[in-house]
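In the working numbering, the protein residues as written are 185 to 513.
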Ligand code: TXA
Ligand code: MG
């Protein structure tokens, strides 16, 4: 049976007004953020949040990020300590999600999937900010792709992945960062990176290091999640699942050259059918990564190969996504 196509409206006053009306009526809307497109719903409306899980086919144990306009609103939903405040002030609005102890609030229980913590972020993108303002609601928004699939960086990726499960997509072109937000958990004085992203480990270190008492030289207490470790016993951020962000075709990483049946994605000196960045620029590579995987999936080749990408800066987040995309259960 054919699913109806979603409406795709260019970003503007009319699109935002229509989207805000849908949100207030308990519906879902796909909207760009600076990282990837999100599938937004009123986070205080349990039924609306259930629609998000259903549209993605997401297991309900996997909690959602709540988007709010500013830190003051975030502080009504979660308990901030000094380090959480420092990170928020340094990187909000922007591609950082903080996982913090949850406060009693109007957020629907389904958003946090029964956890004692809540994931919050203040987005920078004009479309998401306009929707927050026009709807007047905190917005629960996971990436707008079917569960386990590649995150969408353009409106047509959303339409291809979710089809008629989403009635309205606001199109504001390709996203600026191309990769999902960095997730940092700050609970009981311990800081841990749960998902690598555009805010790099070094950037987080730099902020936390400034908070130490003068003259005491020791490392800020920051546990690093190493994607090469064994899987954690409990899922702290299901982006940690070994197989995630997966294209439909087999993906070979760290490939110096392509086999005849492979669509080759190059980087820097390693050429391909296309390249993440001919000049070896990692920010550009992050922006192009998911788009390249979508294209590789749609190509006439049976398999995908991708050149080595250095593991520095945002390269850490890129390699993390690539390992999961290459993993087969
Ligand atoms: O850039 C982004 O973060 C995008 C845009 C739309 O904001 N959103 C996004 O959402 O990537 P999603 O649902 O695809 O990924 C959110 C991750 C999931 O892996 C989820 O398990 C984790 O955040 N998460 C949410 N709440 C959590 C919590 N309380 N504790 C630990 N992890 C949590
Ligand atoms: Mg996702």
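Every residue, glycine too, gets a C-beta built ideally from N, C-alpha and C.
The C-alpha of residue 392 is placed about 17 angstroms away from the C-alpha of residue 380.
Bounds of the beta strand (DSSP E) holding residue 374 are 374-379. In this structure, residue 315 places its C-beta atom within 8 angstroms of the C-beta atom of residue 200. In the displayed model, residue 341 falls within a helix according to three-state DSSP. A distance criterion of 7 angstroms places the beta-carbon of residue 327 in contact range of the ligand MG, judged by its closest non-hydrogen atom. In the structure shown, the three-state DSSP call for residue 193 is strand. With 16 or more other Cβ atoms inside 10 Å of its own Cβ, residue 264 counts as buried.
Nearest to residue 329 by C-alpha distance, out of 231, 435, 213 and 437, is 213. Here the alpha carbon of residue 217 sits roughly 9 angstroms from the alpha carbon of residue 364.
In terms of Cβ geometry, residue 303 and residue 250 form a close pair [threshold 8 angstroms]. When the Cα atoms are used, residue 378 and residue 503 turn out to be separated by approximately 15 angstroms.
Residue 281 has its Cβ nearer than 7 angstroms to a heavy atom of the ligand TXA. Residue 220 sits close to residue 336, with the two beta carbons spaced by under 8 angstroms.
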